[in-house]
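Participant:
Protein chains: 4
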Amino acid sequence: MIIVLKPEVSKEEIQKFSESIMAKYDVKVNAWYGTHATVLGLLGDTHEVDIESIAAQKIVESVKRVQEPYKKANRKFHPDDTVIEIGGHKIGGGELQIIAGPCSVESYEQITEIAKRVKQAGANFLRGGAFKPRTSPYSFQGLRAEGLELLLEAKNLTGMPIVTEIMSTDHIDLFENVDIIQVGARNMQNFELLKELGKLDKPILLKRGLANTIEETLMSAEYIMSSGNEKVILCERGIRTFETFTRNTMDISAVPIFKRLSHLPVIVDPSHAAGIPWLIEPLSLAAVAAGADALIIEVHNDPTKALSDGPQSITPDQFDNIARKVFAAKQSLKNIQ
Amino acid sequence: MIIVLKPEVSKEEIQKFSESIMAKYDVKVNAWYGTHATVLGLLGDTHEVDIESIAAQKIVESVKRVQEPYKKANRKFHPDDTVIEIGGHKIGGGELQIIAGPCSVESYEQITEIAKRVKQAGANFLRGGAFKPRTSPYSFQGLRAEGLELLLEAKNLTGMPIVTEIMSTDHIDLFENVDIIQVGARNMQNFELLKELGKLDKPILLKRGLANTIEETLMSAEYIMSSGNEKVILCERGIRTFETFTRNTMDISAVPIFKRLSHLPVIVDPSHAAGIPWLIEPLSLAAVAAGADALIIEVHNDPTKALSDGPQSITPDQFDNIARKVFAAKQSLKNIQ
Amino acid sequence: MIIVLKPEVSKEEIQKFSESIMAKYDVKVNAWYGTHATVLGLLGDTHEVDIESIAAQKIVESVKRVQEPYKKANRKFHPDDTVIEIGGHKIGGGELQIIAGPCSVESYEQITEIAKRVKQAGANFLRGGAFKPRTSPYSFQGLRAEGLELLLEAKNLTGMPIVTEIMSTDHIDLFENVDIIQVGARNMQNFELLKELGKLDKPILLKRGLANTIEETLMSAEYIMSSGNEKVILCERGIRTFETFTRNTMDISAVPIFKRLSHLPVIVDPSHAAGIPWLIEPLSLAAVAAGADALIIEVHNDPTKALSDGPQSITPDQFDNIARKVFAAKQSLKNIQ
Amino acid sequence: MIIVLKPEVSKEEIQKFSESIMAKYDVKVNAWYGTHATVLGLLGDTHEVDIESIAAQKIVESVKRVQEPYKKANRKFHPDDTVIEIGGHKIGGGELQIIAGPCSVESYEQITEIAKRVKQAGANFLRGGAFKPRTSPYSFQGLRAEGLELLLEAKNLTGMPIVTEIMSTDHIDLFENVDIIQVGARNMQNFELLKELGKLDKPILLKRGLANTIEETLMSAEYIMSSGNEKVILCERGIRTFETFTRNTMDISAVPIFKRLSHLPVIVDPSHAAGIPWLIEPLSLAAVAAGADALIIEVHNDPTKALSDGPQSITPDQFDNIARKVFAAKQSLKNIQ
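Residue numbers (the numbering used here), protein chains in the order written: chain P, 631 to 967; chain C, 631 to 967; chain A, 631 to 967; chain D, 631 to 967.
Structure (structure tokens):
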């Protein structure tokens, strides 16, 4: 961490300030006295240093981090890829997985039919929403506990591990048999929820928030990991920009950046990123080309009857085609490397 | 609601679709058959109509709302300003209130000293963070329950109603004696939390999310209100944009827009919007000129020692000066109208 | 175009308004009288209808386009892909091209050496900046006319068609022997320049502006095309968002969207989109997977000595590797379809 | 300027690099050797140092400016406010000016009638568009040279100095008798145009670009000033964000920030920032409260017949009311200080 001090600061003040930092954190402080400004360098493990508190000091002009503020999620301290294995299927480590299923679980017939279809097409994980975050209180809020039951029945029937979203710490007990718990974009900085999920021994699929930076996403992963649960899967699902043609703007660069900065698996959700069914194929191929470890795709047996998020779902037939192409593309790309 | 159908749709399909809408919602459907397209108009109370489910239908080209999707927060159905009175002080209805206090409650001495100082300067409400949403798990997370206790002691000592942030439904019981419960920007779409706060009989200060539109903010207010609690205060606190000079971009237009679309009181947080102490005065004056009912300002007796968010706090002396100017400006603006 | 009128409008006013529209534009107006609102539908060729002038009418509540506002760039009126052939190389129509070269032309040795190297690696087009748009007036502004001369010498030596940016109508004569004239992101809405380029018989590479929507980009293409020059190549090069890790956010979705809405060729500039050399490979692969017709990549023989934009350039050796992979990926993707 | 070097760099490399910087720029380089990293500090006038070229060096980890990259626009080197006086009216220096008039000049009757009305209400400058930047080539492009003629006639008739937009260096001669030449948001980084305007002895009203930062706006001012013309007026007119209720998001913070960083006058355009007539009054009051030196407001005698941008214009009667309020508010705010 580099601290630029204001021009007029006395040596004594600098001395006192340096000592206060060393007393509080496990770092060494070196000073470089320039003609116009003094610069302090903090050496050691600075990830616990509160940058805002430093910046608030009267004598400080500006502060700049040199090290990343996350540690457990940081590839520098964990060079090998984290691979998360569930039911014999690996997320991370070179394989490509597809997580597929409807936006909302609606009925036994719906979820089991879709599960069978997407499994045939090569998806190893079943997704489905039970608790649904909806902008309007008047929109369908999901089948909630009943939806979880139906998902578990589909899991029993097909053997597919299930992925579903949690919206409150109050519901954690209900998620006992869920294989991967999803934290949605709107809860990415629900820190109380993250801390509780950090106490579980279960993979957490963490979606990047609509207005959150790559670094903030890694800091939210750090919340879960520093509470004890290191099985975090990062998910790019589009950010908010001025462009209105797509619902969100899928930030494809986030995939290679997450992979470089962190050892955690990285997946992409082209369904929510775009909100347009005909974009799912090109965006899935692009995600695989950019290095994604998995895709999470919404599939509905009858998108026009979906109780939520219908417009962005594809049919099982369309999914067959996309799955075939992305697995083939993944294979080709492996051969090219 | 106007539904544009695709060109090739048959009259029979249109008939069937219209009937299905009328069966599901309390609306009438009128069709206008053009040469190139058919347009349906939904008449009646459309705020419960699920626009996404309509848009997902195969025969639909696009959908456009004519009415707002919120009802209880809508000025059309409640033309008079909502005025929330707490401890004899009104928020809304033409008065200007200032809510002031430190970012984080740190000690008895700190919170009571600041409370006395800001009260003298004209602030009628005391703010202070007990549960703190911090990007990093390694940053100070607030004194939590102990912080609430200290706030209540400051309330007892000064008679000032208190405002503090809630971060989880798990903590609701702890907030029993809090006068105004704040929902932070990161939890604006924590719908499970909103629903629970909707069951209380206590004012809720709802901060606009960093990446949330004005309409989404009103929909979150609607969550609280439709659960039974109509005492919602809207707060503009800056949105995320590409500009990096300020921490966020304060959307001053949101003030008159909220006031026009809704009857709820509207307040502005210049401290978080900008993150720069010397911007608090001009932004406070601008907020008052744009019609804000209250300001919420961070004041710390020693900003350089603040445990969180120090850089954006001002001292009690600076606050005295700002409070004097904004009250005077409010008075002048009243005379001008 | 659908026009929703305000509730209280009389039949006479509607009649008069409808007639005024029909008198001004070549369209028919149909009215649908609802209980709460009247809706007008404009049938015919509405791309010349000024939506803002309609929206300004006192009796109008809101207006919604059903048709796109561009015509010559619109795939609906030109279903087949536009293929632009220069020096025997096709841009569009299924092939993958690479345009490569330095950010700025610096010397004869530099430009010819890079040209030879990128040609060997499979690039068919040479890029290089002569007139440079720089944020600071104190930064290197390019060799200007001399830079164009050097580019033409490299063209003569290698036979590669050249691509370079124009910044003013004053320079058009200088660009006579340039094969593809580039309009940079900052000039995408320099309409006077677009009109003049529309009078040439030469391909124009139109870069999407930093804050411009997909539709606005197509409208700028329409400026060139409606002036007579239909040889426009669209280029996605990243948009401005809140994310600061990358210089811009590459909007990968723009590639399939441009291809669907328009018949024009679509290329991607991963160098400027990211501003980070190690992102060029994954972003290039993603662009090809998403359907891009060409890539434009900055290559410098000594990026650390580049006079502008050095940080985002790669070396010829790195380029060899990337070119090999993207051509192989393109071939595999063709086989998969 | 602070340069953080990569960990593994040798002392010799550092020496060589430092010398190369001192040879190229008029600065001194000091090195501070830490345990994990070496930091270089550049002392002296760094505004000509090309930060990108420094960042491109292999041995450089990151670079951070301490000084601003603009000099002539910088308040540090010019502490007193720049005041621009035209026709006896001052922009800057404590007065409030209003520039008013139609979006487009349409006819002699229109422009002269509006000019007389806004003059009566207290506006000292007349605005009107002759060359119009329109997104669509099919929209009205302004009366162009004829529009300039009509503006000059209105100037002769009323004595009001005129403000109008230039779109190309080709038109500079036509603007000889224009009092203030406006550079529109879309041309803020049309650097060739800025350089030419820098050769004139005439005030330039520089509008901030839709996606441009405050610093970039000051750099564009620097282009004009470093070419010799120091009469630049900065204008905030809204930036592009995700919010769709308003056309743009007016960045009110830009006003006090521009005033602090620069000595140049700062004006606000509430008409374009919002695009909604009923927002002009609250946004104008907010701009004045935040410290704006002038407002530029669109007024049309018949907004529903305006040939461009009608929806955001107000009538002369509405303008009378707004002008009265903003002048009164300005007077009150002066008394409060």
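Backbone N, C-alpha and C define an ideal beta-carbon position, used for all residues, glycine too.
#1: Classify A/H902 as helix, strand or coil using the three-state DSSP reduction.
#2: Using 8 angstroms as the cut-off, can you tell me whether the segment 844-858 of chain D makes contact with the segment 915-934 of chain D, which would need three or more C-beta pairs spanning the two stretches below that distance?
#3: Is it true that the segment 809-823 of chain D meets the segment 815-826 of chain A, where meeting means three or more beta-carbon pairs spaced less than 8 angstroms apart?
#4: Determine the chain C residues that contact D/G921 at a beta-carbon separation under 7 angstroms, and present them in chain order.
#5: Leaving out the 5 sequence neighbours to the left and right, which residues in its chain are closer than 8 angstroms to C/A685 when beta-carbon positions are compared?
#6: Given that C/V696 touches chain A, what residues does it touch there, using C-beta distances under 8 angstroms?
#7: Does DSSP put A/H930 in a helix, in a strand, or in coil?
#8: Quick one: using the 10 Å Cβ neighbour count with 16 as the cut-off for buried, is P/A775 buried or exposed?
#9: What would DSSP say about P/Y738, mapped onto helix, strand or coil?
#10: Please confirm if A/L672 has its CB atom under 8 angstroms from at least one CB of chain D.
#11: Can you check DSSP and say which residues form a bridge with A/I863?
#12: In chain P, which residues lie less than 7 angstroms from A/A916 when you measure between Cβ atoms?
#13: Strictly below 8 angstroms CB to CB, what residues from chain P border C/L840?
#14: Going by other Cβ atoms of all chains shown within 10 Å of its Cβ, with 16 needed for buried, is P/R870 buried or exposed?
#15: Just curious, the alpha helix (DSSP H) that P/V690 is in, first and last residue?
#16: At a Cβ cut of 8 angstroms, what residues of the segment 843-875 of chain D count as close to chain P, listed as they run along the chain?
#17: Could one say the Cβ of P/A959 lies closer than 8 angstroms to chain A's Cβ atoms, at least one of them?
#18: Exposed or buried, what is D/N704 when buried is set at 16 or more other beta-carbons lying within 10 Å of its beta-carbon?
#19: Mapping DSSP to helix, strand and coil, what is C/H677?
#20: By the DSSP assignment, the beta strand (DSSP E) with A/K658 in it spans what residues?
#21: Quick check: is the beta carbon of P/E776 nearer than 8 angstroms to any beta carbon in chain C?
#22: Taking C-alpha atoms, which residue in D/K720, D/W662, D/F805, D/H902 lies nearest to D/I796?
#23: I need the DSSP call for D/E826, collapsed to helix, strand or coil.
#24: Could you say which of P/D881, P/D809, P/A753, P/G858 lies nearest to P/V842 if we only look at CA atoms?
#25: Are the segment 854-870 of chain C and the segment 892-903 of chain C touching, with three or more C-beta to C-beta distances below 8 angstroms?
#26: Quick check on DSSP: helix, strand or coil for D/Q942?
#27: DSSP has A/G731 in a bridge; who is on the other side?
#28: In chain C, which residues lie less than 9 angstroms from D/V885 when you measure between Cβ atoms?
#29: On the criterion of 16 or more Cβ atoms from any shown chain inside 10 Å, does A/G718 qualify as buried, or is it exposed?
#30: Roughly how many angstroms lie between the CA atoms of A/V748 and A/P946, to the nearest whole one?
#31: For C/G671, is the classification buried or exposed, using 16 other Cβ atoms within 10 angstroms of its Cβ as the cut-off for buried?
#32: Who are the neighbours of P/N965 on chain D, taking C-beta pairs under 9 angstroms?
#33: Should the segment 819-839 of chain P be regarded as contacting the segment 834-841 of chain D, the criterion being three or more beta carbon pairs within less than 8 angstroms?
#34: If the criterion is Cβ atoms closer than 8 angstroms, does the pair C/I944 and C/V929 meet it?
#35: Which residue from C/Q942, C/A919, C/T874, C/K964 puts its Cα closest to that of C/H902?
#36: Could you name the residues of the same chain whose beta carbon sits closer than 7 angstroms to that of C/V634, not counting the 5 residues immediately before and after it, in chain order?
Facilitator: So, from the listed chains and residues:
#1: helix
#2: no
#3: yes
#4: P912
#5: S692, V693.
#6: V634, A667, E691, S692
#7: coil
#8: exposed
#9: Reduced to three states, the DSSP call for P/Y738 is helix.
#10: no
#11: A/L835
#12: I882, A916, A919, A920
#13: A841
#14: buried
#15: Element bounds for P/V690: not the alpha helix (DSSP H) but the beta strand (DSSP E), 690-694.
#16: Per Cβ criterion, the list reads R870, T871, F872, T874.
#17: yes
#18: buried
#19: coil
#20: That run of the beta strand (DSSP E) goes 657-663.
#21: no
#22: D/F805
#23: helix
#24: Before going further, note that residue 842 of chain P is Asn rather than Val in the sequence given. Nearest C-alpha to P/N842: P/D881.
#25: Counting Cβ pairs under 8 angstroms, three or more are found: they touch.
#26: helix
#27: In DSSP, A/G731 forms a bridge with A/E928.
#28: P912, A916
#29: Burial state of A/G718 is exposed, judged by a 10 Å Cβ sphere holding fewer than 16 other Cβ atoms.
#30: Straight-line Cα distance between these residues: approximately 7 angstroms.
#31: buried
#32: The contacting residues do not exist; P/N965 stays about 32 angstroms from chain D at best.
#33: no
#34: yes
#35: C/Q942
#36: A667, V669, E691, S692
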